[in-house]
Amino acid sequence: MRHGLPTAAAALAAVLMITGCTTNNNVDTTKTTAIQPKAKDVSAADLAEGKAQFREANFGLAEQHFRKAVELKADNAEAWMGLAASYDELGRFDFADRAYDQLLRVAGRKPQIVNNMGYSQLLRGNKRKARALLLEAKAGLADQTVVNANLALLDKS
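Under the working numbering, think of the first position of the sequence shown as 796, with each following residue one higher.
Have a look at this one:
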């Protein structure tokens, strides 16, 4: 009997080793419901600060904040509009044109944008181009107060 006991123990050990080494074909199907963090618009603070600086006529600071906002979120039409307007006020019409081009790509040719482009031309002294753009904007706006004020400025110049 002594011979049988070690053989049985060896057989049991071999069975345990084999079954311990086999892969379990059961797949873990546990569903997780992790809550994804809400996507935060990192450009919002710079957009708000750019607007505040623009209202205070701090166009250099406004430009810096609007530029950072578009660097953080390239499809932010409002930031592109502020950046273009800041460049206009700084007399950097070359950069303003680039910002308006990008704004048109992001938002399309909207009357408010065309109005700003017309005002930009007014600041440059391009009266004919300014008038054409302002009239285009006027035709598409329900509230024509701003464009009418720009046209009045054009008529005075």
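Cβ coordinates follow ideal geometry from the N, Cα and C atoms, glycine included.
Helix, strand or coil at residue i [DSSP, three-state]
i           : result
residue 887 : coil
residue 796 : With a pLDDT of only 45 at residue 796, under 50, the local geometry of the prediction cannot be trusted, and the value read off the model is given with reservation. Here residue 796 sits in coil by DSSP.
residue 900 : helix
residue 863 : helix
For residue j and residue i, believed in contact at Cβ under 8 Å, the rounded distance
i           : j           : result
residue 878 : residue 902 : The Cβ separation is near 13 Å, so there is no contact.
residue 874 : residue 849 : So it is not a contact: roughly 11 Å between Cβ atoms.
residue 945 : residue 913 : 6 Å
residue 925 : residue 917 : 4 Å
Boundaries (first-last residue) of the alpha helix (DSSP H) holding residue i
i           : result
residue 924 : 922-935
residue 951 : 940-951
residue 852 : Element bounds for residue 852: n/a, residue is neither H nor E.
residue 911 : 906-919
Rounded straight-line distance, which links the Cα of residue j to that of residue i
i           : j           : result
residue 870 : residue 854 : 22 Å
residue 859 : residue 898 : 17 Å
residue 919 : residue 909 : 15 Å
residue 863 : residue 884 : 18 Å
residue 861 : residue 950 : 31 Å
residue 847 : residue 839 : 12 Å
residue 952 : residue 900 : 31 Å
residue 896 : residue 905 : 13 Å
residue 888 : residue 921 : 12 Å
Distance cut-off 8 Å: residue i Cβ against heavy atoms of the ligand HEM
i           : result
residue 941 : Of ligands this structure carries none, so the ligand HEM is not represented either.
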